[in-house]
Amino acid sequence: MIILGATPIGNLGDASRRLVETLERVVVVAAEDTRVTGQLLRGLGIENRPRLVALHEHNERERAAGLVELARDGDVLVLSDAGTPTVSDPGYALVEAAIAADVTVTALPGPSAVVMALSVSGLPTDRFAFEGFLPRRSRVAALAPLAADPRTLVFFESPHRVADSLRDLAQAFGSDRRAAVCRELTKLYEEVARGTLAELAERFAEGARGEIVVVVEGAPERAAADLPTAVATVLEMGAGGIRLKEAAADVAAATGLSTRDLYEAAIRAKGRS
Numbered sequence: 001m002i003i004l005g006a007t008p009i010g011n012l013g014d015a016s017r018r019l020v021e022t023l024e025r026v027v028v029v030a031a032e033d034t035r036v037t038g039q040l041l042r043g044l045g046i047e048n049r050p051r052l053v054a055l056h057e058h059n060e061r062e063r064a065a066g067l068v069e070l071a072r073d074g075d076v077l078v079l080s081d082a083g084t085p086t087v088s089d090p091g092y093a094l095v096e097a098a099i100a101a102d103v104t105v106t107a108l109p110g111p112s113a114v115v116m117a118l119s120v121s122g123l124p125t126d127r128f129a130f131e132g133f134l135p136r137r138s139r140v141a142a143l144a145p146l147a148a149d150p151r152t153l154v155f156f157e158s159p160h161r162v163a164d165s166l167r168d169l170a171q172a173f174g175s176d177r178r179a180a181v182c183r184e185l186t187k188l189y190e191e192v193a194r195g196t197l198a199e200l201a202e203r204f205a206e207g208a209r210g211e212i213v214v215v216v217e218g219a220p221e222r223a224a225a226d227l228p229t230a231v232a233t234v235l236e237m238g239a240g241g242i243r244l245k246e247a248a249a250d251v252a253a254a255t256g257l258s259t260r261d262l263y264e265a266a267i268r269a270k271g272r273s
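Taking this note's numbering, the leading residue of the sequence shown gets 1, the next gets one more, and so forth.
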């Protein structure tokens, strides 16, 4: 069996009882960094000394098959340095291979920087999307498709890029969009800074230290458009020389209504006039 184990994101006290019990008995541990896992074993007072196999982004594909075969006869515990494997961490290729080979995959749930940051951000939690690490280059262009997303958005970011990323988020989403910068979660110097993207960009203009999660408010929902008024706008644009199909597409983009519905309604209204 492949077991995905969630490890503490900072505070060792967050290690689950199930994780500790599994570490005490498991024979093989596939670890993102064997040194970090060794520190975890010592920190938790684990007396068991499992075989540690390095499993990281550079060797996961080539090691997956061998680990899957080991998991046919016994448990293989998969650990990332912090949090849950496969979530912006190695593990997905191994899970994919295990499922294809009909080997059971399960997980020991636990600490999550994504969920913790979302819960303390003060932003809506009913709908959200995790977007992983912000792109290193062309951030504004990459963020443009998300600007109209009504869901709360959660990003990871490195401390030396957070200043530039906050400025680019403000440019892409608008400077008044609410956000939270969550730093060093569960650790001694935990900090949650809330404000607009412009305010946070100024606050962290010199960068920041530690592990960082950025939570951004979703775009405001557009008010339901009035179809008759929208059709009238399409007809006015048509009277001004714009083709009805083009006018319908422009009005649809501005109102969220269907281009087809607007076009057909405009044709019917024009036929009655």
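Glycine included, C-beta positions come from ideal geometry on N, C-alpha and C.
Where do the ends of the alpha helix (DSSP H) carrying residue i lie?
i, result
"A141", "R139 to L143"
"T281", "Because residue 281 is not part of the residues shown, which for the chain are 1 to 273, the question remains open."
"E236", "L227 to A239"
"F173", "V162 to F173"
"E221", "That residue, E221, is in no alpha helix (DSSP H); it is neither H nor E in DSSP."
"V114", "A113 to V120"
"L188", "Note, L188: premise wrong, no alpha helix (DSSP H); not H, not E."
Beta-carbon within less than 8 Å of residue i's beta-carbon, same chain only, minus the 5 sequence neighbours each way: which residues are those?
i, result
"E57", "P90"
"V162", "V181, F204, G207, A208, I212 and V214"
"A198", "A170, S175 and D176"
"S112", "A6, I9, G83, T84 and V87"
"T186", "P8, I9, G10, N11, D14, P111 and M116"
"E131", "L146, L153, V154 and F155"
Pop quiz: residue i and residue j are said to be a contact at Cβ under 8 Å. What is the actual Cβ separation, rounded to whole angstroms?
i, j, result
"L108", "S16", "6 Å"
"V213", "V154", "7 Å"
"R29", "L70", "In the sequence as displayed, the identity of residue 29 is Val instead of Arg. V29 to L70, Cβ: 11 Å. No contact."
"A219", "D149", "6 Å"
"A54", "T22", "Between T22 and A54 the Cβ distance is about 19 Å, and since that is not below 8 Å, they are no contact."
"I3", "V95", "Between V95 and I3 the Cβ distance is about 11 Å, and since that is not below 8 Å, they are no contact."
In the DSSP assignment, find the unbroken beta strand (DSSP E) run with residue i in it and report its ends.
i, result
"V215", "I212 to V216"
"I2", "I2 to G5"
"V95", "No beta strand (DSSP E) holds V95; the alpha helix (DSSP H) holding it covers Y92 to A100."
"T125", "Neither: T125 is in no beta strand (DSSP E) and is coded neither H nor E."
"A179", "R178 to R183"
"A107", "V105 to L108"
Looking only at its chain, what residues have a beta carbon closer than 7 Å to the beta carbon of residue i, apart from the 5 residues adjacent to it on each side?
i, result
"V231", "L262, A265, A266 and A269"
"L123", "T152, R178, A180, V215 and E217"
"R72", "V103"
"A101", "V68"
"A193", "A180, V181, L200 and R203"
"P50", "V26, V27, V28 and V29"
"A249", "T259"
"V234", "L244, A247, A248, V251, L262 and A266"
"E184", "G10, E190, E191, G210 and E211"
Would residue i be called buried (16 or more neighbouring beta carbons within 10 Å of its own) or exposed?
i, result
"F133", "exposed"
"G43", "exposed"
"R136", "exposed"
"T7", "buried"
"L166", "buried"
"E236", "exposed"
"G241", "exposed"
"D168", "buried"
"T125", "exposed"
"R260", "exposed"
"A253", "exposed"
"A247", "buried"
"L41", "buried"
"A172", "buried"
"L188", "exposed"
Strictly under 9 Å for the Cβ-Cβ distance: is residue i near chain D by that measure?
i, result
"A54", "Among the chains of the structure shown, chain D does not appear; only one protein chain is present."
Just to confirm my understanding: we take residue i, look at its own chain, exclude 5 residues before and 5 after, and list those with CB closer than 6 Å. What are they?
i, result
"I93", "Looking at the sequence provided, one finds Ala at residue 93 rather than Ile. Around A93: E60, R61 and A64."
"L19", "G5 and L108"
"A31", "T37, L52 and L79"
At 3 residues or longer, what runs of the beta strand (DSSP E) sit wholly inside the segment 11-67? 28-31 and 51-54
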